[in-house]
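Protein chains in written order, with this note's numbering: chain Y, 18 to 118; chain E, 353 to 654.
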């Protein structure tokens, strides 16, 4: 698996005894997402995408991933909608769409 | 001294795995892109050390853990000394193919962590020290550091009738590190990712101390749109305020000469932190750039 994802088994501690005694976690231990930060979402037109991977390289979150069929897809759980991918896309096939519109 | 053969890194052959994922960085954060790309080159056998600063504040938010490699927070002043300890510990345990890599901000490097870094370079410890330079203490709310450029507005160098932003010039950190006779040092920008990746890869093969100074725009502190991070990082190189260079084998190498510079005025006035600057102040910055480049073009190899 190339990307970590949110651990669905995680439950926030409800009693004092449930809290860990040290600040040591498993690597890549994710319990919440960042999708609520976003006001616009990037959408890739995969038909017109030339697969140059510029967006994949420049995403500060690393949420653009190569799917097994070679197309690029976005992990909307962790995309914050910064817009770098759309701005840097040479053929201009990534559009920022208003969330909830 | 170097081991292993250099491999040219491109977007095609770069590791698909993510080692810095689900962090709490602001949208469009240049620093988190620098960390993400460096770890993709160095891989899962990296031991990342982070002092107080944005990357530790956004990477370790209990109980979320954004690093998928070994990572820990050091004291603010002790990034390089903890890296030296990690490298020594790995050697004692007989671990091979590991990288002790530190990610410190400009304040944690040029102000607070400078003596530990200086000591590590002096001992030629086998560590990689990456300074992501966002030109102020961003994590605590944009206070001036010694890498804040002249004229930039921060909360401790405000703009009013008497003060016009930062009054001191930006410390030449790359040349300070080079003056130690370090094994390898380089400057980079997130606007030139392939150049940055190549430098991280080179640093991973150096038997000794490596220092990479990567320019990382901060949309919140600099006052530009989050989508413009890469453009701003590119523009800084094109207008000559930032140079891409290396120091290796005792000599300086200029990697990229923009030739005719683009407009410093456009670069500065595109950012909120410089928008108060008048023509005279901009001319002073242009003159400073020109004298620096005169020296660079005269003395450094290309």
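Built from N, CA and C at the ideal position, the CB exists for glycine as well.
Answer with yes or no whether the minimum CB distance from residue i to chain E is below 9 Å.
| i | result |
| --- | --- |
| residue 50 of chain Y | yes |
| residue 89 of chain Y | no |
| residue 44 of chain Y | yes |
| residue 64 of chain Y | no |
| residue 93 of chain Y | no |
| residue 71 of chain Y | yes |
| residue 98 of chain Y | yes |
| residue 37 of chain Y | yes |
| residue 55 of chain Y | yes |
Determine the chain E residues that contact residue i at a beta-carbon separation under 7 Å, and present them in chain order.
| i | result |
| --- | --- |
| residue 105 of chain Y | 582 |
Leaving out five residues before and five after residue i in sequence, what residues of the same chain have Cβ atoms less than 7 Å from its Cβ?
| i | result |
| --- | --- |
| residue 511 of chain E | 505, 517, 628 |
| residue 374 of chain E | 416, 418 |
| residue 107 of chain Y | 69, 71 |
| residue 92 of chain Y | 20, 80, 82 |
| residue 50 of chain Y | 23, 94, 95 |
| residue 97 of chain Y | 51, 54, 55, 78 |
| residue 494 of chain E | 488, 506, 507, 573 |
In chain E, which residues lie less than 8 Å from residue i when you measure between Cβ atoms?
| i | result |
| --- | --- |
| residue 74 of chain Y | 363, 366, 389, 545 |
| residue 101 of chain Y | 380, 578, 579, 581, 582 |
Below 9 Å on C-beta distance, what does residue i contact in chain E?
| i | result |
| --- | --- |
| residue 84 of chain Y | Here the premise fails: no neighbours, minimum Cβ distance about 11 Å. |
Using DSSP with H/G/I as helix, E/B as strand and the rest coil, what is residue i?
| i | result |
| --- | --- |
| residue 586 of chain E | helix |
| residue 455 of chain E | strand |
| residue 84 of chain Y | coil |
| residue 359 of chain E | coil |
| residue 490 of chain E | coil |
| residue 520 of chain E | coil |
| residue 548 of chain E | helix |
| residue 665 of chain E | Lying outside 353 to 654, the shown extent of chain E, residue 665 of chain E is not represented and no answer is given. |
| residue 625 of chain E | helix |
| residue 608 of chain E | strand |
| residue 554 of chain E | helix |
| residue 653 of chain E | strand |
| residue 100 of chain Y | coil |
| residue 509 of chain E | strand |
| residue 89 of chain Y | strand |
| residue 603 of chain E | strand |
Can you find a CB in chain Y that lies within less than 9 Å of the CB of residue i?
| i | result |
| --- | --- |
| residue 403 of chain E | no |
| residue 619 of chain E | no |
| residue 437 of chain E | no |
| residue 551 of chain E | no |
| residue 496 of chain E | no |
| residue 353 of chain E | Confidence in residue 353 of chain E is poor, its pLDDT being 40 and thus under 50, which makes the residue's placement unreliable; the coordinate value appears in the next sentence. Residue 353 of chain E does not count as touching chain Y. |
| residue 624 of chain E | no |
| residue 393 of chain E | no |
| residue 453 of chain E | no |
| residue 423 of chain E | yes |
What does residue i touch in chain Y if you count any residue whose Cβ is under 7 Å from its own?
| i | result |
| --- | --- |
| residue 420 of chain E | 21, 44, 45 |
| residue 369 of chain E | 19 |
| residue 384 of chain E | 77 |
| residue 377 of chain E | 77 |
Which same chain residues, not among the five before or five after residue i, have their C-beta less than 6 Å away from its C-beta?
| i | result |
| --- | --- |
| residue 552 of chain E | 390, 393 |
| residue 586 of chain E | 543 |
| residue 111 of chain Y | 59, 61, 102, 103 |
| residue 88 of chain Y | 63 |
Which same chain residues end up closer than 8 Å to residue i when comparing Cβ atoms and leaving out the 5 residues on each side of it in sequence?
| i | result |
| --- | --- |
| residue 355 of chain E | Confidence in residue 355 of chain E is poor, its pLDDT being 49 and thus under 50, which makes the residue's placement too unreliable to answer from. |
| residue 361 of chain E | 393, 546, 549, 550, 553 |
Using only the heavy atoms of the ligand ATP, determine whether one of them is closer than 8 Å to the beta carbon of residue i.
| i | result |
| --- | --- |
| residue 597 of chain E | This structure lacks the ligand ATP; in fact it carries no ligand of any kind. |
Can you list the residues of chain Y that residue i reaches, using a CB-CB cut of under 9 Å?
| i | result |
| --- | --- |
| residue 416 of chain E | 42, 46, 47, 48, 49 |
| residue 295 of chain E | The question about residue 295 of chain E has no answer, for chain E in this structure spans 353 to 654. |
| residue 573 of chain E | Those within 9 Å of residue 573 of chain E in chain Y number zero; the least Cβ separation is about 15 Å. |
Run down chain Y in chain order and give the residues with a C-beta less than 8 Å from the C-beta of residue i.
| i | result |
| --- | --- |
| residue 484 of chain E | By Cβ distance, chain Y contributes nothing, its closest Cβ being about 11 Å from residue 484 of chain E, past 8 Å. |
| residue 372 of chain E | 79 |
Whole runs of the beta strand (DSSP E) within the stretch 24-81 of chain Y, excluding any shorter than 3 residues | The stretch 24-81 of chain Y contains, as complete beta strand (DSSP E) runs of 3+ residues, the segments 57-61 (chain order).
Ranges of the beta strand (DSSP E) found wholly within the stretch 397-443 of chain E, counting only runs of at least 3 = Positions of the beta strand (DSSP E) runs, each at least 3 residues long and wholly inside the stretch 397-443 of chain E, are given as 398-402, 422-425 in order along the chain.
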